[in-house]
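One structure is given here, and the rest of the page talks about it.
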Amino acid sequence: MCTLLAIESSCDDTSASVLRKGKILSNIISGQIVHQNYGGVVPELASRAHQKNIVPVVQLALEQAGIKKEELDAIAFTRGPGLLGSLLVGVSFSKSFALALNIPLIEVDHLQAHIVAHFIDAPKPNMPFLCLLVSGGHTLIAKVTSETTYEIVGRTIDDAAGEAFDKAAKILDLPYPGGPLIDKYAKEGNIEKFTFPLPDIPDLDFSFSGLKTSFLYFIRDNLKNDRYFIKNNLADICASYQHALVKFLLQKLQKASNETGIKEIGIAGGVAANSYLREQLKNLAKENNLVLHIPKIEYCTDNAAMIAIAAYYKYKKRAFASQEVTPYAKAR
Ligand code: KG4
Ligand code: ZN
């Protein structure tokens with residue numbers, strides 16, 4: 002029997018999850034509203050909020066799972082990439098808890114975990130499959146070869162897709178994180194009202210900085226003529242911009258499938274919660290006879306259940322971490 006507690010604290014969500022025999026029993030996520038007024042995550046405030054939240058979040062995760070701490074076989078945690086101060090809270094907590102319970106530690110890479118979220122619920126993808134990982138800090142296409150290995154076939158050369166959403170939202174004066182709000186307003190808008198040039202980037206790579214700049218100039222120019230331009234056109238602006246972003250993402254995913262001949266595809270990361278992306282992916286899969294895997298929304302945005310499932314596969318291999326382990330900020 003394998004019972005794990007997993008901790009995720011890489012950015013602005015404190016999360017804990019309990020897994021038993023490969024099944025998620027609880028997944029508690031405590032977000033941090035403290036960043037809303039700053040237009041982005043303030044690292045110093047994030048670390049403090051993790052420090053405050055981590056014990057109650059873990060307690061709740063154990064309680065909801067109906068598991069006593071003495072029943073745990075290992076403690077898993079996100080080692081990186083992420084904000085160093087935030088990661089340190091999760092790593093230090095995990096080390097102390099593992100030491101107190103005299104059980105092993107399992108370190109998990111955050112990006113790997115986003116991808117492995119596909120193995121939480123059935124039907125599980127057949128390998129190899131292509132996974133479009135779109136989060137606030139990363140955008141890449143991975144050829145997933147096993148539950149513990151993947152190969153990157155394309156990646157962003159500048160911003161991440163989540164940043165392209167959040168930065169546009171900031172230009173529109175929407176609070177952070179703006180991605181979900183653009184998604185919400187776009188539902189009432191016309192995707193063809195405005196056009197944004199799609200980036201022309203070779204191979205399977207991405208770039209979002211040009212799109213973001215053209216969005217900034219577009220808003221600035223229109224505000225010169227009409228100071229209520231944003232207010233009067235919010236839904237159409239969001240729908241048209243989101244359409245351009247999603248079209249670009251899907252063009253690359255389709256290209257990756259054509260070039261590799263892999264017919265099974267999935268999405269992961271916070272932006273994978275976007276309703277228009279999810280809908281358009283279904284169309285893409287249907288038109289191209291692709292097998293599509295879309296994890297539940299709660300397993301796309303940052304959560305500890307994905308850390309728990311990634312740790313489960315490492316536990317099976319007895320791949321444990323030492324008490325000397327330190328977090329890393331940048332992707333490896
Ligand atoms: O994976 P995630 O929760 O954290 C990171 O690892 O970065 O991703 C967060 C990103 C943010 O940029 C947020 O705006 C975006 O995911 N996001 C969305 C939606 N929900 C979250 N973007 C577009 N539409 C959504 N519904
Ligand atoms: Zn993430």
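Residue numbers (our numbering): 2 to 333. Glycine included, C-beta positions come from ideal geometry on N, C-alpha and C.
| Asked | Found |
| --- | --- |
| Going by DSSP in three states, HIS139 sits in which element: helix, strand or coil? | coil |
| Quick check on the DSSP output: the alpha helix (DSSP H) that includes SER16 runs from which residue to which? | Per DSSP, SER16 belongs to no alpha helix (DSSP H); it is in the beta strand (DSSP E), 15-21. |
| Any chance the CB of SER18 is under 6 angstroms from a heavy atom of ligand 2? | no |
| Pull up the distance between the alpha-carbon of HIS139 and that of PHE230, whole angstroms please. | 31 angstroms |
| Would a C-beta distance cut-off of 7 angstroms place THR157 and MET128 closer than the cut-off? | no |
| When you compare only the Cα positions, how much space is there between LEU1 and ILE153? | What is shown of the chain runs 2 to 333, which leaves residue 1 out entirely. |
| Per the DSSP calculation, VAL56 is bridged to which residue(s)? | DSSP, once it has assigned bridges, lists no residue as partnering VAL56. |
| If we count the other Cβ atoms within 10 Å of its Cβ and call it buried at 16 or more, is ILE220 buried or exposed? | buried |
| When the Cα atoms are used, what is the spatial distance from ALA17 to PHE130? | 28 angstroms |
| What does a CB cutoff of less than 7 angstroms around HIS115 pick up in its chain, not counting 5 residues either side in sequence? | LEU134, SER136, ALA269, GLY270, MET307 |
| Among all the DSSP beta bridges, which residues are the ones paired with TYR151? | VAL145 |
| How far does the beta strand (DSSP E) with ALA75 in it reach, from first residue to last? | 75-81 |
| What three-state label does DSSP hand PHE207 in the structure shown? | strand |
| For ASN289, report the span of its alpha helix (DSSP H) as first-last. | 276-289 |
| Taking ASN233 and GLU9 to be in contact with their CB atoms under 8 angstroms, please state how far apart those CB atoms are, rounded to whole angstroms. | Between GLU9 and ASN233 the Cβ distance is about 40 angstroms, and since that is not below 8 angstroms, they are no contact. |
| Below 8 angstroms, can you find three or more Cβ-Cβ pairs linking the segment 237-250 to the segment 177-190? | yes |
| Only counting the same chain, and skipping five residues up and downstream in sequence, which positions put a Cβ closer than 7 angstroms to that of ASP204? | GLY155 |
| In three-state DSSP terms, what is GLY41? | coil |
| Label GLU164 either buried or exposed according to how many other C-beta atoms from any shown protein chain fall within 10 Å of its C-beta, with 16 as the threshold for buried. | buried |
| Counting along the chain, where does the beta strand (DSSP E) carrying ASN28 start and finish? | 24-31 |
| Answer with buried or exposed for ASN226, where buried requires no fewer than 16 other C-beta atoms within 10 angstroms of its C-beta. | exposed |
| Look at the alpha carbon of GLY32 and the alpha carbon of LEU84, and state the distance between them as a whole number of angstroms. | 15 angstroms |
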